[in-house]
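Heads up: the structure comes next, in structure tokens.
Residue numbers (UniProt numbering): 1 to 340.
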């Protein structure tokens, strides 16, 4: 099997493994500890509730982003078509999965024609940026005419992944150079272990304005790579690290307190519209979900649109039941625990 076939196979394996519950945080969601005070006298009509928001200076239907899943190989092309068409129809942003495979394989397809006016975010890994620099970042943006570029940080996944990247020197320097010179905004995200206040402040100091917390509780990439790793010795080393990281519900308020000027994306274990509201209450400006959409994305564009509608309505109900007329009011909605 040549290198191109290996890359394509790895991406398809990632999709199949991500669909399995054992690679999701299926225990009690860490968001469950965040409980809104129920307001049985909301003093507003459901039709009064407004959930429209803004991202990258543009109006969006709700503070919801279709999160990064796959950059496109085999199944990935069908998935991304359904996701981008749904993003276009519903008026929400979409983040593409890692474009490394598509760029290396020189896939010529461009999802932009499925979503001519949607907010689309490209995606590269931190070590890919370290190796390929600004030129690679520009290629990723140009490939889909992206409105922003996500740089994902996944050192744990790379440790568990067979032949993963082990050299993470000068990644921050590469991010700083890209932020200063790329023509679109740069978003930095983790992939399931979370970005805490120390790293968030490092990123803010080099000019990063957007951070996706991507904490523990959603798709577990360490678990997925563990399932793919054929070395019994490496699996034994990696086993205790499948629960490594911090919960999004803990990281959001900590990062907001440490770096109040950052714009935060809440992701990692977000399962429904109440969790979306919890993220916003804890300091996120917008939320992102990936696995939530994956089964629907394998089915059809309409199935993804239906999932977006469900999320939006759940968010609207949460605002209604907390007496919040809009998202600004939600940020001060009373909580029944000490974290607010």
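In this text, a Cβ means the ideal position worked out from N, Cα and C, and glycines have one as well.
Beta-bridge pairing of residue i - partner residues as DSSP gives them
i: residue 36; result: 335
i: residue 43; result: According to DSSP, residue 43 bridges with nothing at all.
i: residue 55; result: 58
i: residue 247; result: 216
i: residue 190; result: 153
i: residue 125; result: 152
i: residue 211; result: 188 and 264
Through-space distance from residue j to residue i, alpha-carbon basis
i: residue 262; j: residue 79; result: 31 Å
i: residue 339; j: residue 278; result: Because the pLDDT of residue 339 is 47, which lies under 50, any placement of that residue in the model is unreliable, and the number read from its coordinates should be weighed accordingly. Each residue's alpha carbon lies about 11 Å from the other.
i: residue 330; j: residue 51; result: 10 Å
i: residue 111; j: residue 336; result: 44 Å
i: residue 207; j: residue 148; result: 15 Å
i: residue 255; j: residue 32; result: 20 Å
i: residue 214; j: residue 317; result: 25 Å
i: residue 130; j: residue 68; result: 20 Å
i: residue 323; j: residue 189; result: 32 Å
i: residue 116; j: residue 146; result: 11 Å
i: residue 332; j: residue 326; result: 11 Å
i: residue 95; j: residue 248; result: 19 Å
i: residue 199; j: residue 174; result: 15 Å
i: residue 408; j: residue 34; result: In the structure as shown, the chain begins at 1 and stops at 340. Residue 408 is therefore absent and cannot be evaluated.
i: residue 139; j: residue 177; result: 15 Å
i: residue 103; j: residue 46; result: 46 Å
i: residue 152; j: residue 202; result: 15 Å
i: residue 273; j: residue 76; result: 26 Å
i: residue 294; j: residue 314; result: 19 Å
i: residue 134; j: residue 243; result: 34 Å
Beta strand (DSSP E) segment containing residue i, residue limits
i: residue 98; result: Per DSSP, residue 98 belongs to no beta strand (DSSP E) and is neither H nor E.
i: residue 152; result: 148-153
i: residue 287; result: 286-289
i: residue 119; result: No beta strand (DSSP E) contains residue 119, which DSSP labels as neither H nor E.
i: residue 263; result: 263-266
i: residue 175; result: Per DSSP, residue 175 belongs to no beta strand (DSSP E); it is in the alpha helix (DSSP H), 171-181.
i: residue 64; result: 64-66
Nearest-angstrom beta carbon gap, residue j and residue i [assumed within contact, 8 Å]
i: residue 127; j: residue 191; result: That pair is no contact at about 13 Å.
i: residue 196; j: residue 216; result: About 11 Å; that fails the 8 Å criterion.
i: residue 119; j: residue 210; result: 12 Å between Cβ atoms; not a contact.
i: residue 29; j: residue 271; result: 6 Å
i: residue 344; j: residue 320; result: Since the displayed the chain opens at 1 and closes at 340, residue 344 lies outside it and no answer follows.
i: residue 113; j: residue 300; result: Not a contact, Cβ separation roughly 18 Å.
i: residue 162; j: residue 228; result: 7 Å
i: residue 124; j: residue 136; result: 7 Å
Residue i - containing alpha helix (DSSP H), residue span
i: residue 84; result: 75-90
i: residue 320; result: 301-321
i: residue 200; result: 197-205
Counting Cβ pairs, one atom from each stretch, are 3 or more of them under 8 Å apart for the stretch 219-229 and the stretch 154-163?
yes
Report yes or no: do the stretch 284-300 and the stretch 57-73 share at least 3 C-beta pairs separated by less than 8 Å?
yes
Pairs of beta-carbons, one from the stretch 80-90 and one from the stretch 294-312, closer than 8 Å: are there three or more?
Short answer: they touch.
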